[in-house]
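S.K.: In the working numbering, the protein residues as written are 1064 to 1295.
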Ligand SMILES: C[S@@+](CC[C@H](N)C(=O)[O-])C[C@H]1O[C@@H](n2cnc3c(N)ncnc32)[C@H](O)[C@@H]1O
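1) For the alpha helix (DSSP H) containing residue 1227, list its first residue and its last residue.
2) Considering just the uninterrupted stretch of the beta strand (DSSP E) at residue 1199, what are its terminal residues?
3) Take residue 1135 as the anchor and find which of 1152, 1112 and 1143 has the nearest alpha-carbon.
4) Counting C-beta neighbours from all protein chains within 10 Å, is the total for residue 1198 16 or more, i.e. buried, or is it exposed?
5) Is there contact between the region 1212–1221 and the region 1122–1134, where contact requires at least three CB pairs shorter than 8 Å?
6) How long is the line joining the alpha carbons of residue 1106 and residue 1189, rounded to whole angstroms?
7) Can you give me the Cβ contacts of residue 1139 inside the same chain, cut-off strictly under 7 Å, excluding the 5 residues immediately before and after it?
8) Which class does residue 1159 belong to by DSSP, given the choice of helix, strand or coil?
9) When every heavy atom of ligand 1 is checked, does at least one fall within less than 7 Å of the C-beta of residue 1326?
10) Is it the case that the region 1226–1246 contacts the region 1256–1276, given that we only count it when at least three CB pairs across the two stretches are under 8 Å?
11) Examine ligand 1 and report whether any of its heavy atoms sits within less than 7 Å of the Cβ of residue 1216.
12) Could you check what DSSP says for residue 1065 in three-state terms: helix, strand or coil?
13) Name the residue from 1179, 1256 and 1241 whose alpha carbon lies nearest to the alpha carbon of residue 1217.
14) Should residue 1200 and residue 1151 be called a contact, given that it needs their Cβ atoms to be closer than 8 Å?
15) Taking residue 1179 as the reference, give the member of 1156, 1228, 1121 and 1169 with the closest Cα.
16) Is residue 1256 helix, strand or coil when you go by DSSP?
17) What I want to know is whether the C-beta of residue 1182 ends up closer than 7 Å to one or more non-hydrogen atoms of ligand 1.
18) So, residue 1243 versus residue 1292, is the Cβ gap smaller than 8 Å?
19) Considering only C-alpha positions, which residue in the set 1079, 1162, 1294 and 1295 is nearest to residue 1182?
20) So, residue 1259 versus residue 1294, is the Cβ gap smaller than 8 Å?
21) Quick one: is the Cβ of residue 1203 within less than 7 Å of any heavy atom of ligand 1?
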């Protein structure tokens, strides 16, 4: 089933027209339209370290802690909501000030925030087989029936872009959600992609770094569903 978004819809228009890429350390913000596609990671980060992408980073907890912990991994966070991009920028700024992080030390030079729609970004800007991992934590479940078409895992272009852009040598996709029904749907849709195979969900690295929603839902006692896929 192909349920591709129409980029002239208001829902997407606002996001894709104002797409930007933000460098946390230099504070440079560049309209995505001025960036050549697909993006040359080496030119963007100045190194050949592996690239991991978090889709829908929300308040940026995972992005901050993971990028700090793994300076030799490049992280790209993609978020459609301007509000959360600002919240996350503030989170990094406060951390830099509070811990006296030297902006020339290299800390956080491995992070870029991209304000845009993930499908738009993956299908246009991410090179083939160039992503070591995708992190998709608590994707919006759009519980109302008429809005379910917005579920990101329903979009065939998105699914194809996910698989094409994952590195064929051990590229992984990490998913968490509290929404049982959406979790089942995600697994059914990914089962249709022959290049992805589920592996032990316990393989999620940095599982001690909880996202905002994970913390909230664990405190509420909700079950959390986790799955990890590897590109075969
Ligand atoms: C439920 S929140 C989860 C936030 C975070 N991952 C967490 O676990 O705390 C879902 C996030 O995904 C973002 N989002 C939803 N659809 C998106 C899309 N198509 N592209 C980029 N971000 C998206 C939303 O704006 C929101 O911040």
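Note that CB positions come from ideal geometry on N, CA and C, so glycine has one too.
M.R.: Answer, in terms of the structure:
1) Translated into positions along the chain shown, residue 1227 becomes position 164. Where residue 1227 is concerned, the enclosing alpha helix (DSSP H) stretches over 1219–1228.
2) Indexing the chain shown from 1 puts residue 1199 at position 136. Residue 1199 -> beta strand (DSSP E) spans 1196–1200.
3) Here residue 1135 refers to the residue found at position 72 of the chain shown. Looking at the Cα atoms, 1112 is the closest of the given residues.
4) Translated into positions along the chain shown, residue 1198 becomes position 135. Burial call: buried.
5) When Cβ pairs closer than 8 Å are counted between the two stretches, the region 1212–1221 is seen not to touch the region 1122–1134, the count staying below three.
6) Taking the chain shown and counting its residues from 1, one reaches residue 1106 at position 43. Taking the chain shown and counting its residues from 1, one reaches residue 1189 at position 126. Spanning the two alpha carbons is a distance of roughly 13 Å.
7) Taking the chain shown and counting its residues from 1, the one referred to as residue 1139 is at position 76. By the criterion of a C-beta distance shorter than 7 Å, residue 1139 is surrounded in its chain by 1114, 1116, 1175 and 1177, once the five residues flanking it on both sides are discounted.
8) For the purposes of this step, residue 1159 is taken as the residue at position 96 of the chain shown. DSSP, reduced to helix, strand and coil, places residue 1159 within a helical segment of the structure shown.
9) In the structure as shown, the chain starts at 1064 and stops at 1295, and residue 1326 therefore has no counterpart that could be examined.
10) yes
11) Translated into the one-based positions of the chain shown, residue 1216 becomes position 153. No, since every heavy atom of ligand 1 falls outside the 7 Å radius drawn around the Cβ of residue 1216.
12) Your numbering for residue 1065 matches position 2 in the chain shown. Low local confidence applies: a pLDDT of 47 at residue 1065 is under 50, so the model's placement there is unreliable, with the coordinate-based value given in what follows. In the structure shown, residue 1065 sits in coil (DSSP, three-state: anything other than H, G, I, E or B).
13) Within the chain shown, the letter at position 154 stands for residue 1217. The residue with the shortest Cα to Cα distance from residue 1217 is 1256.
14) Position 137 of the chain shown holds residue 1200. Position 88 of the chain shown holds residue 1151. No, these two residues do not count as a Cβ contact at 8 Å.
15) Reading the chain shown from its first residue, position 116 is the one you call residue 1179. The shortest Cα separation from residue 1179 among 1156, 1228, 1121 and 1169 belongs to 1121.
16) Here residue 1256 refers to the residue found at position 193 when the chain shown is read from its first residue. Three-state result, residue 1256: coil.
17) In the chain shown, counting from the first residue as 1, residue 1182 sits at position 119. Yes, ligand 1 has a heavy atom inside 7 Å of this Cβ.
18) Against the chain shown, residue 1243 aligns to sequence position 180. Against the chain shown, residue 1292 aligns to sequence position 229. Using a Cβ distance threshold of 8 Å, residue 1243 and residue 1292 do not count as a contacting pair.
19) Numbered from 1 along the chain shown, position 119 holds the residue referred to as residue 1182. Nearest C-alpha to residue 1182 among 1079, 1162, 1294 and 1295: 1079.
20) Residue 1259 sits at position 196 when you count from the first residue of the chain shown. Residue 1294 sits at position 231 when you count from the first residue of the chain shown. Cβ distance < 8 Å, so residue 1259 and residue 1294 count as in contact.
21) Your numbering for residue 1203 matches position 140 in the chain shown. Residue 1203 Cβ: within cutoff of ligand 1.
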